[in-house]
Amino acid sequence: MSAVLEETPVPVSAPVRDGGTRAVLALARFEARRLLTSVPVVLAFAVYVAWIVWHTQNSWDGYPALQDVDRETQTMPTLVGLAVLVYANSAVLRSGRRGTESHFATLVMPPWRRTVAHVLSLVPAALLIAVCVAGQFAREAFKPGAVGHGSPAELAVGPLCVLLFGAAGVLLGRVVRSALAAPLLVVLLLFTAAFSAAPGVTDATSWLAPFVVEQSGPTLPSDLLGRPAAWHALYLAGVVLCVAFAAVLLAGGRTMTVRAGVVLSLALAVTGGVLQAGGAEASPELTAARERALVRPELTCVQRDGSTYCAFPEWEPRIDTWARTVDEVRSLAGGSAHERPLVVRQRVDATFGLAGDAAVPPSTEADRVTVGTVWGGNRVPEFSSAVAAVLVAGSEEAGGELCDGRMVTLMWLSLSWQDDPMNALSRVRLDDSVAGSATVLSPTNPMTMTEGQTDVVRHLLEKPLPGTGDRVKAHWAELTEPGVTTARAAELLGVAAPEKADSCER
Amino acid sequence: MPPTVSASGLSLHYGRTRALDDVSLRLAPGVTGLLGPNGAGKTTLLRVLATAVPPDRGAFTALGHDPGTPQGRQEVRRRLGYLPQTPGFHPDFTAFEFVDYVAILKELADRGDRHREVRRVLEEVGLGDVRGRRIRKLSGGMRQRVALAAALVGDPGFLVLDEPTVGLDPEQRMRFRELIAGAGEGRTVLLSTHQTEDVAMLCHRVIVMAEGAVRFDGTPAELTARATGRVWSSTERDPGAKAGWRTGTGSFRNVGDPPAGADLVDPTLEDGYLLALDGIGTEVTA
Amino acid sequence: MREVTRALVGPVWRTMPWRALAAAGVLGLLTAAVPAVAGAEPDPWQTLLLLRGVALIGALGLGFLLDDPARHLTAPVPARRLLRQALRVGLVAPLAALWWTAALLLAPSASRPPAGDITLEAVVVGVLALAGAALAVRLTDEARPGPFVAAFLLLTAVLAPLLAPEDWALFVQPDDPRWSTAHDRWAVLAVVVAAAGVLCGPEPVGRGRRRAAKARRAGGPP
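Protein chains in written order, with the numbering used here: chain C, 39 to 544; chain P, 18 to 303; chain D, 38 to 259.
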């Protein structure tokens, strides 16, 4: 040092300040407030919340299975995530764009700590998403018809996605100093989302995406889902941390903590990725359990009014609803069918997990009715038709092969007790029609109505219930006799016979 | 008074351009003025002293710390207030938010204390009433005061102000002088300016720079004294004068080496400044 | 006027945000070329989505076209803002047309939607970006409104398919019977958006007649 410096300069005391950590938190708070009040983020949240309110009104026809609901919370947070990405990126680029960087560079807080604050400022947005996700899930869970269990790991995906998108925006701002980069990245992400949304088999690589929804498949019991949800959440958390640490590292935060953070979070992401890849392929035990679910599932059985109801344990609360339908249909039937004990068994084809879409084969045993895992809406007249088919034809398989006048009685039993029978008729038919021939859906194989049968059923449904009910009970034996013609059934029930003769249009 | 900032042998090159050439100086509490033509290296010197750029050679200490080490630089930055020549603004921020933002970057972490401090400095620069207004809605003079508030926040011991009075009207400039004079009480203030009146009115010391080097270092009176006997008035522009211009009274005021029998007049600080730049191809205007 | 325009071509050319335009252009072409490079044979809906996305990428670049860092310096010159903006659009239009043709040629030809109709959609998105930029210039004092325009465009791109009324059928597939009526609507949209953009061009002279009249009635200066 030169002679000038040897004079002892007077140290001037500075005001007492706290450590850098608290300042980083203060900056994170500042940035979070700006993020949450920025126009794109506010708009995205408004749309997201409006979607939740609108969607949960009629979702799942009021009978949600919570192991489906948790997955359903994963898509829409992406909208907020994209807005957060764009804003977080512009916040990182702000001081460069406004020419304050040279000034801020002389302030105490180094740029990498500012980047830490930008990353931390994403946390409140993610927490807000978590609240929205919890709200959506709670609203479904409190519906009286809700069954099943949600998975916390699946519910965590929405908030983690928002963190991931935001951290990507911060990282991008540290790599490319252009305001155009983030919008272009968003377009590419939208592309990827649009193309990967195409239905297909989910394999190990598809689990590398932020979320894998698999919404189109059947509703399965929780333990047959076979989704590596927990590992995926771990993988996502690892990726989020890795991106965040990488952004801090690129901003010049070359401390041991940051370096260790990059390595550890990368290890976390890789671990999660590998384990979820392992979990994406169904294990032999899971495959065996899925096959059992179709042939001899482990069900809990209870008695209601002489009938037996067997359901997967998670669906037990729904047995009363089924029993009400069975009672309604049975009370309309005549002869022995009026008192006949039925066995309602829940079955689902889980062989291919959520990717499968195979119909459940009809039961061949007498008095056995199959019920699926979904309820509400069209599923009610479908189940009702299956019950009526068993009462009229003896078994589900026989009901599927019906092609004579018994179909009239069957459909009348199935529909007449419902609130709006004509509407139920259209909903239970594949083409939503109330005239002409059509396929009638049931939990197992579909049935067929000819044009003439449809006309007769429609006329019957237009008449008052008690009168027809008495006729059905009075002529039950003849009406359920194999080979009875539609014209004869119409005559017995007191409506005009169809113009065309019976013909099963198989 | 013992120095709070001492620099020795500061040199900085931008490619082949020598922006700073072996600059040594010592600053004590109070306002020190830094004069010099455009391109003299004033801004570079201020940027070095504000720890924005490290010097190629030489060293300095500020407030007892050596910015040559990472730890020392942090310590200096904790006690530093800097007003850059072209301060950027975030137009979407309110005046309060902007100063608050800078205060956070100065690591004033406690929210309540920080907000009190931000309100205090905004009050001090006379922006208390408009602190909730967005910067895009503020006039140029108000923006300049926001920048000064940002420099003052956190009660720094060492203030580096790069041409803070540029673009201000006379009344605003007066107000600014008051602020800077107030800030100079107990603090070390280095003020770069083109306005010799600023220096004459505010500074207890003045440094004149040209071509990256210090040409004069002393009190304003000493700088003025340099021109004693070297300013004269005449009816025609004196061809031997280093600078000359027609004054409002019609006569010419000449600076330089006077001819024998010249009508000598009292010098001003500006005359001393012009003479300190002697030999440098500067444009002299008045 | 004509001389001024001719003389302006060079300087305007140099002040255009070429980096943003080039980045968007290159990325758009790369995206369009993905199926060809990967040897994939996408479905018609995928190609349609691809081209719509490419158009959006190009429009994001166009959103930066009216960025002028020297705006505050050039505001008071006699050459009108509308002229200067039109010049920018005029200079970029042939390049944009070439670029779009290249994108169409790069997209898999087997599954390509009708070229004229998809071009119309691209024109609407591009004009929307320009109109957004013109509106931002008109309403704000911002010299570089590009990022805002990009954010607005993205928001529109995400929300429009979600919120547009179902019977407008703007975002249908080529095999949909409503495809041609949908494109009549796209054409109307193009005209409306372009008109809105042009209306934003001229600089406002006063605060509007109504206010001036009010000021007169109040006894203030007209």
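We put the CB at the ideal spot given by N, CA and C, even for glycine.
Bear in mind the structure is a predicted one, so any value in this text is a computation, not a measurement.
Any C-beta of chain C under 8 Å from that of residue i
{"i": "P101 (chain P)", "result": "yes"}
{"i": "P184 (chain D)", "result": "yes"}
{"i": "F106 (chain P)", "result": "yes"}
{"i": "E124 (chain P)", "result": "yes"}
{"i": "L165 (chain D)", "result": "no"}
{"i": "Q91 (chain P)", "result": "yes"}
{"i": "I155 (chain D)", "result": "no"}
{"i": "D255 (chain P)", "result": "no"}
{"i": "D117 (chain P)", "result": "yes"}
{"i": "G245 (chain D)", "result": "Its pLDDT being 49, under 50, G245 (chain D) is placed unreliably by the model, and the measurement read from it follows with that caveat. With 8 Å as the cut-off, G245 (chain D) does not count as an interface residue toward chain C."}
{"i": "L93 (chain D)", "result": "yes"}
{"i": "V301 (chain P)", "result": "Confidence at V301 (chain P) is low in this model, with a pLDDT of 44, below 50, so the placement of that residue should be treated as unreliable; the coordinate-derived value is given next. By this cut-off, V301 (chain P) is not an interface position."}
{"i": "G76 (chain D)", "result": "no"}
{"i": "I197 (chain P)", "result": "no"}
Residue range of the unbroken alpha helix (DSSP H) whose run includes residue i
{"i": "L287 (chain C)", "result": "A267 to L288"}
{"i": "N461 (chain C)", "result": "P459 to V466"}
{"i": "L85 (chain D)", "result": "P81 to L99"}
{"i": "Q112 (chain C)", "result": "Per DSSP, Q112 (chain C) belongs to no alpha helix (DSSP H) and is neither H nor E."}
Beta carbon proximity, residue i to chain P, threshold 8 Å
{"i": "M294 (chain C)", "result": "no"}
{"i": "T138 (chain C)", "result": "yes"}
{"i": "R265 (chain C)", "result": "no"}
{"i": "G276 (chain C)", "result": "no"}
{"i": "V146 (chain C)", "result": "yes"}
{"i": "E45 (chain C)", "result": "With a pLDDT of only 42 at E45 (chain C), under 50, the local geometry of the prediction cannot be trusted, and no value is derived from it."}
Interface flag, residue i vs chain D, CB-CB below 8 Å
{"i": "G117 (chain C)", "result": "First, the amino acid is wrong: residue 117 (chain C) is Leu here, not Gly. For L117 (chain C), the answer is yes, since a Cβ of chain D falls inside 8 Å of its Cβ."}
{"i": "A221 (chain C)", "result": "Here the sequence assigns Pro to residue 221 (chain C), which means Ala is not the residue at that position. With 8 Å as the cut-off, P221 (chain C) counts as an interface residue toward chain D."}
{"i": "S128 (chain C)", "result": "yes"}
{"i": "L209 (chain C)", "result": "no"}
{"i": "P78 (chain C)", "result": "yes"}
Reference residue i; option with closest CA among the options
{"i": "V87 (chain C)", "options": "C:N127, C:P102 and C:A172", "result": "C:A172"}
{"i": "S28 (chain P)", "options": "P:T285, P:I152 and P:P71", "result": "P:P71"}
{"i": "V40 (chain P)", "options": "P:R33, P:A76 and P:G50", "result": "P:A76"}
{"i": "T153 (chain C)", "options": "P:D127, P:L122, P:E141 and P:R137", "result": "P:L122"}
{"i": "W360 (chain C)", "options": "C:G372, C:L380 and C:V510", "result": "C:L380"}
{"i": "L192 (chain D)", "options": "C:L222, C:E529, C:V208 and C:S97", "result": "C:L222"}
{"i": "R192 (chain P)", "options": "P:L286, P:R162 and P:D117", "result": "P:R162"}
{"i": "S133 (chain C)", "options": "C:T111, C:R71 and C:S216", "result": "C:S216"}
{"i": "A133 (chain D)", "options": "D:T218, D:E240 and D:A61", "result": "D:A61"}
{"i": "V63 (chain D)", "options": "D:T84, D:S146 and D:V91", "result": "D:V91"}
{"i": "R151 (chain P)", "options": "P:P173, P:V116, P:A120 and P:L169", "result": "P:V116"}
{"i": "R33 (chain P)", "options": "P:A24, P:N55 and P:D73", "result": "P:D73"}
{"i": "A161 (chain D)", "options": "D:L119, D:V129 and D:A224", "result": "The question names Ala, but residue 161 (chain D) is Val in the sequence shown. Cα-wise, what sits closest to V161 (chain D) is D:A224."}
{"i": "A231 (chain C)", "options": "C:T59, C:A315 and C:M114", "result": "C:M114"}
{"i": "C182 (chain C)", "options": "C:G373, C:P504, C:P355 and C:V146", "result": "Residue 182 (chain C) is actually Pro in this sequence, not Cys. Ranking the options by Cα distance to P182 (chain C), first place goes to C:P355."}
Residue i - partner residues in DSSP beta bridges
{"i": "Q341 (chain C)", "result": "C:T346"}
{"i": "G261 (chain P)", "result": "P:N271"}
{"i": "Y31 (chain P)", "result": "P:T34"}
{"i": "I152 (chain P)", "result": "According to DSSP, which records beta bridges pairwise, I152 (chain P) is partnered with nothing at all."}
{"i": "M147 (chain C)", "result": "In the DSSP output, where bridge partners are listed per residue, M147 (chain C) has none listed."}
Extent of the continuous beta strand (DSSP E) to which residue i belongs
{"i": "D39 (chain P)", "result": "T34 to L44"}
{"i": "Y304 (chain P)", "result": "Residue 304 (chain P) falls outside the range modelled here, since chain P spans only 18 to 303, and no answer is possible."}
{"i": "V118 (chain C)", "result": "Per DSSP, V118 (chain C) belongs to no beta strand (DSSP E); it is in the alpha helix (DSSP H), P115 to R135."}
{"i": "W98 (chain C)", "result": "Note, W98 (chain C): premise wrong, no beta strand (DSSP E); not H, not E."}
The region 46 to 63 of chain D touching the region 257 to 277 of chain P, judged by at least three CB pairs closer than 8 Å: The region 46 to 63 of chain D vs the region 257 to 277 of chain P: no contact.
Take every Cβ of the region 482 to 496 of chain C, pair it with every Cβ of the region 343 to 352 of chain C, and state whether three or more of those distances are shorter than 8 Å. Result no; under three Cβ-Cβ pairs closer than 8 Å.
Spell out a yes or no on whether the region 74 to 83 of chain C and the region 115 to 124 of chain C are touching, meaning 3 or more CB-CB pairs, one atom from each, closer than 8 Å. Verdict: yes, contact present.
So, does the region 444 to 458 of chain C touch the region 487 to 507 of chain C, judging by three or more C-beta pairs under 8 Å? Yes, the region 444 to 458 of chain C is in contact with the region 487 to 507 of chain C.
Evaluate the contact criterion for the region 277 to 290 of chain C versus the region 324 to 341 of chain C: three or more CB pairs, one atom per stretch, below 8 Å. These segments do not touch.
Contact between the region 160 to 175 of chain P and the region 138 to 152 of chain P: three or more CB pairs below 8 Å? Because the criterion of three Cβ pairs below 8 Å is met, the region 160 to 175 of chain P and the region 138 to 152 of chain P touch.
Would the region 251 to 259 of chain C and the region 379 to 394 of chain C be scored as touching if the rule is three or more Cβ pairs under 8 Å? Judged by Cβ distances under 8 Å, the region 251 to 259 of chain C makes contact with the region 379 to 394 of chain C, as three or more pairs qualify.
Three or more C-beta pairs under 8 Å: does that hold for the region 274 to 281 of chain C against the region 294 to 313 of chain C? Proximity of the region 274 to 281 of chain C to the region 294 to 313 of chain C meets the contact definition, three or more beta-carbon pairs being nearer than 8 Å.
Does the contact criterion of 3 or more C-beta pairs under 8 Å hold for the region 145 to 156 of chain D versus the region 187 to 199 of chain C? Proximity of the region 145 to 156 of chain D to the region 187 to 199 of chain C falls short of the contact definition, fewer than three beta-carbon pairs being nearer than 8 Å.
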